[in-house]
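Colleague: Heads up: the sequence lines are chains A and B, in that order. Note that this note's numbering gives residue 18 to position 31 of the first sequence, counting from 1, and the numbers run on in steps of one. Note that this note's numbering gives residue 170 to position 183 of the second sequence, counting from 1, and the numbers run on in steps of one. Just so it is clear, CB atoms sit at the ideal spot from N, CA and C, and this is done for glycine as well. Only a predicted model underlies this, so the values are computations on that prediction, with no experimental measurement involved. Got a structure for you, questions after.
Number of protein chains: 2
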Amino acid sequence: MKKAPEKLRFAAMAVDVVVFGFVDEELYALVAPVNRPPHYVNVLGFLGGIVDSKETAEETCDRILSEKGGLKQVYTEQLYTFSAVKRDRRNRVVSVAYIGLVRPDVVATYTHEKALFVPVRELKNLAYDHDDMLNMAVRRLQGKLSYTTIAQYLLPRHFTLSELQSVYEIVLRRKFDKRNFRKKVLSLDIVKDTGTMQEGVKNRPASLHEFTSKNLLELELFA
Amino acid sequence: MKKAPEKLRFAAMAVDVVVFGFVDEELYALVAPVNRPPHYVNVLGFLGGIVDSKETAEETCDRILSEKGGLKQVYTEQLYTFSAVKRDRRNRVVSVAYIGLVRPDVVATYTHEKALFVPVRELKNLAYDHDDMLNMAVRRLQGKLSYTTIAQYLLPRHFTLSELQSVYEIVLRRKFDKRNFRKKVLSLDIVKDTGTMQEGVKNRPASLHEFTSKNLLELELFA
DNA sequence: GCAAAAGTGTTAGGTATACACCCATGC
DNA sequence: GCATGGGTGTATACCTAACACTTTTGC
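Rendered as structure tokens:
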């Protein structure tokens, strides 16, 4: 590499990840304390880090999840790139934000030195521009639920139709009719009955379903 | 600013813009010759440039459109951030890609020293990863047509319903029934009759319509 | 008067919505 | 046997899709 002009090298490029998890009728996101005096003290923020010169943003994202969150094999997709000059009040840092989705067992059993899952409704006044990031992440998740099978990454491999409906109701903040909901997802062939049943519940056990495809499918679900 | 570690400053951050225009039943994109030996010679690529340390990516995008394309006041939205390590084979450059949309008169009268509008179907083997970028840009445009009023940025302020239909047909690569199409857009109140008529056409003049809102609205259009 | 595009309604099929009761299990 | 959530069908309203002819203009 020859002379790279100064402006070629100004930027700190970071990745931040908004990891969502769904458990007990509640949507959670993974945050950690941020302590960067003087501007950011005693606040929470999403996991983030600097993009290394030999890795893609996707790789940075996976590395951050692993190193700072102890998480492997997380479903992720790019959200948006935040580039406001003062978004980090100390330095110019452009951030490529990602969404991550984990299954309920991950959230329920999560223990980590720094990071923790907090209900999304309790998250405000986050560090940097992470309030904006959260907002955009939630809207993106809502949009994707409406026209893809992304819910599969928020549920166990085998789940009940009520659990699936609950993901939709909590994230989209609206109610669905049980019969109509089931008719819809079954008629679209996005989920199928596994033939197995819930065990050890104190009411009538539900049949367990799974998604027919392990990949993200696009279709018309709920307008 | 104190000691910024080296990895904080490795990156060249760029913006590239895929500017679409629609004229004469054809979708065009704005490109310019790329000449960066040894890897990129005699090829075309989208307009791009380096993000300056004091500007947002959005501002970079506007500046590129102005400086390298002679275009002002273009509707733009962020597309995706491309970060493959070898996407530029000479240096590590991460690119925040944008989509831009211009009206037909801009395309029809466009003259510029370097840049030109080329039909999208003729664009292949572009520089860098711009083939991927184009692909994603087209898919995004298709998606947005289906659930927003983004077509307004590809049409004159006053247009005929046939022109609007033509945007949908060309970009989505499918045909619509004329009566059903009109019923739909009129019933959704996204366009309204201006009361004026086409002039100087060699067939029956059509009434000119306009979008009811100057902003991008979200709704259900065509699945 | 001919070529070219504009404009306009109806019907049938399918999809979405609203709605209430019985069932299986644990305690 | 009671509390809890699981599971099921039908009728109606609405939306979508298919379809053909008449009108207005320029030449």
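Relative to chain B, which residues along the segment 66 to 77 of chain A have a C-beta separation below 7 Å, given in chain order?
Modeller: Tyr67, Thr68, Ser70, Ala71, Val72
Colleague: Between Met120/A and chain B, is the shortest Cβ-Cβ distance under 8 Å, so that the two count as touching?
Modeller: no
Colleague: Using a Cβ-Cβ cut-off of less than 9 Å, list which residues of the segment 41 to 60 of chain A approach chain B; keep chain order.
Modeller: Lys41, Glu42, Thr43, Ala44, Glu45, Glu46, Thr47
Colleague: Taking the Cβ atom as the reference point for each residue, do Ala84/B and Val18/B lie within a distance shorter than 8 Å?
Modeller: no
Colleague: For Glu207/B, go through chain A and note every residue whose CB falls closer than 8 Å to its CB, in chain order.
Modeller: One finds Ala210 in chain A with Cβ atoms closer than 8 Å to the Cβ of Glu207/B, taken in chain order.
Colleague: Name the chain A residues that come within less than 9 Å of Val83/B, Cβ to Cβ?
Modeller: Thr68, Ser70, Val81, Val83
Colleague: Check whether the Cβ atoms of Arg169/B and Leu148/B lie closer than 8 Å to each other.
Modeller: yes
Colleague: Determine the direct distance from the alpha carbon of Val188/A to that of Ser153/B, and round the result to whole angstroms.
Modeller: 57 Å
Colleague: In the DSSP assignment, the beta strand (DSSP E) including Gly36/A goes from what residue to what residue?
Modeller: Element bounds for Gly36/A: 34 to 37.
Colleague: Since Gly57/A and Val2/A are thought to touch, with beta carbons under 8 Å apart, how far apart are those beta carbons, to the nearest angstrom?
Modeller: Their Cβ separation, rounded to whole angstroms, is 17 Å, which puts Gly57/A and Val2/A out of contact at 8 Å.
Colleague: Give a yes or no on whether the minimum CB-CB distance between Met0/B and chain A is below 8 Å.
Modeller: True, the Cβ-Cβ gap to chain A drops below 8 Å.
Colleague: Pull up the distance between the alpha-carbon of Asn29/B and that of Val72/B, whole angstroms please.
Modeller: Roughly 23 Å between the two C-alpha positions.
Colleague: Run through DSSP, which three-state label would Tyr67/A get?
Modeller: strand
Colleague: If you run the structure through DSSP and keep just helix, strand and coil, what is Phe163/A?
Modeller: coil
Colleague: Since His117/B is in the beta strand (DSSP E), which residue starts that stretch and which ends it?
Modeller: Here His117/B belongs to no beta strand (DSSP E); instead the alpha helix (DSSP H) covers 117 to 134.
Colleague: Lys201/B lies in the alpha helix (DSSP H); which residues open and close that run?
Modeller: Premise fails: Lys201/B is in no alpha helix (DSSP H) and is neither H nor E.
Colleague: Are Asp138/A and Leu151/A closer than 8 Å when you measure CB to CB?
Modeller: The residue asked about is misnamed: residue 138/A is Ala in this sequence, not Asp. Closer than 8 Å, so yes.
Colleague: Exposed or buried, which one is Lys179/A when buried takes at least 16 other CB atoms within 10 Å?
Modeller: exposed
Colleague: With a Cβ-Cβ cutoff of 8 Å, do Arg74/B and Asp116/B count as a contact?
Modeller: yes
Colleague: Is it true that the CB of Pro91/B sits closer than 8 Å to the CB of Gly182/B?
Modeller: no
Colleague: Below 6 Å CB to CB, which residues in the same chain sit around His99/B once its five sequence neighbours on both sides are set aside?
Modeller: Gly57
Colleague: Return the chain-ordered list of same chain residues with a C-beta closer than 6 Å to the C-beta of Arg161/A, the five sequence neighbours on each side being excluded.
Modeller: none
Colleague: Return the bridge partner residues of Val18/A from the DSSP annotation.
Modeller: Leu103/A
Colleague: Following the continuous alpha helix (DSSP H) through Lys179/A, name the residue where it begins and the one where it ends.
Modeller: Premise fails: Lys179/A lies in the beta strand (DSSP E), 178 to 184, not in any alpha helix (DSSP H).
Colleague: Taking the alpha carbon of Val107/A as the point to measure from, which residue in Arg191/A, Gly32/A, Pro24/A has its own alpha carbon closest?
Modeller: That would be Gly32/A, whose Cα lies nearest to the Cα of Val107/A.
Colleague: Are Thr43/A and Ser133/B touching if we call contact CB-CB under 8 Å?
Modeller: no
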